[in-house]
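Student:
Residue numbers (my numbering): 1497 to 1713.
#1: What are the boundary residues of the alpha helix (DSSP H) that residue 1595 is part of?
#2: Got a sec, what are the start and stop residues for the alpha helix (DSSP H) residue 1722 sits in?
#3: On the CB-based measure, 16 or more other CB atoms within 10 Å of its CB, does residue 1603 come out buried or exposed?
#4: Per the contact definition of three or more C-beta pairs closer than 8 Å, is the stretch 1608-1618 in contact with the stretch 1628-1648?
#5: Thinking C-alpha only, which one of 1600, 1591, 1650 and 1605 is nearest residue 1624?
#6: Closest to residue 1718 by CA distance: which of 1541, 1613, 1642 and 1549 is it?
#7: Output the boundary residues of the beta strand (DSSP E) element that contains residue 1537.
#8: Between the C-alpha atoms of residue 1540 and residue 1511, what's the straight-line distance to the nearest angstrom?
#9: Along the chain, where does the alpha helix (DSSP H) containing residue 1513 start, and where does it finish?
#10: Using CA coordinates, which residue listed in 1622, 1610 and 1556 is at the minimum distance from residue 1683?
#11: Once you ignore the five residues that flank residue 1710 on each side, which residues in its own chain have a CB closer than 6 Å to its CB?
#12: Between the Cα of residue 1653 and those of 1660, 1659, 1661 and 1643, spot the shortest distance and give me the residue it belongs to.
#13: Please report the residue range of the beta strand (DSSP E) in which residue 1683 lies.
#14: Where does residue 1640 sit, in a helix, a strand or coil, going by DSSP?
#15: Counting only the same chain and skipping the five closest in sequence on each side, list residues whose C-beta sits under 8 Å from that of residue 1690.
#16: Is it right to say residue 1516 is buried, meaning 16 or more other beta carbons lie within 10 angstroms of its own, or is it exposed?
#17: So who's on the other strand from residue 1698, going by DSSP bridges?
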């Protein structure tokens, strides 16, 4: 769902100048400013949930931090630190067999957080579902090949079932994907939501830096 610039300014009580200053300072991503044709000419729209949460976070924090510090606090990217095999053991949500299969498939034993997030998402998708070791291995082989294409957590991992077979779908958040009616969605895991929950739970263990807005969702 989107919100127009006019509605945004009215809802939040901020001024036009504040909005564009925060944009210049990097507090609000430029790609959130979407221009569309309207009956009165051209109007700017924003992703409603994201912009409202971001402005709320800025309003809560702007008296405690400089704009430069806020830009760092509110960065949307996930952590780029490497997580070792020993680090993975701290994540209660991560299935040990899933982790082991990813290590074999990717031929490494340390991972960036986004890769860990995908592992946890698959572990959660598999929870309380009947998936064979062969299907798990196939899913992990597929996901391993796609890892290098992922640069954010704006994805949804879905576990699909056709008769007695399980399949994995990875799609961009908010995108439409049309699949055969024979495929039913068993589980959907939103990586953005999982990102927030995992970072918040393990922020003391791994000293995560993450969106202040994530603490308020």
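For every residue, glycine included, the Cβ atom is placed at its ideal position computed from N, Cα and C. None of the values given here were measured: they were computed from a predicted structure.
Tutor: The short version:
#1: 1592-1602
#2: Since the first residue of the chain shown is 1497 and the last is 1713, residue 1722 is not available in this structure.
#3: exposed
#4: yes
#5: 1591
#6: Residue 1718 lies beyond the stretch modelled for the chain, which goes from 1497 to 1713, so this question has no answer here.
#7: 1537-1543
#8: 15 Å
#9: 1512-1520
#10: 1622
#11: With a pLDDT of only 42 at residue 1710, under the threshold of 50, the placement of this residue in the model should not be trusted, and no figure is reported.
#12: 1643
#13: 1680-1686
#14: helix
#15: 1613, 1616, 1617, 1620 and 1649
#16: exposed
#17: In the DSSP output, where bridge partners are listed per residue, residue 1698 has none listed.
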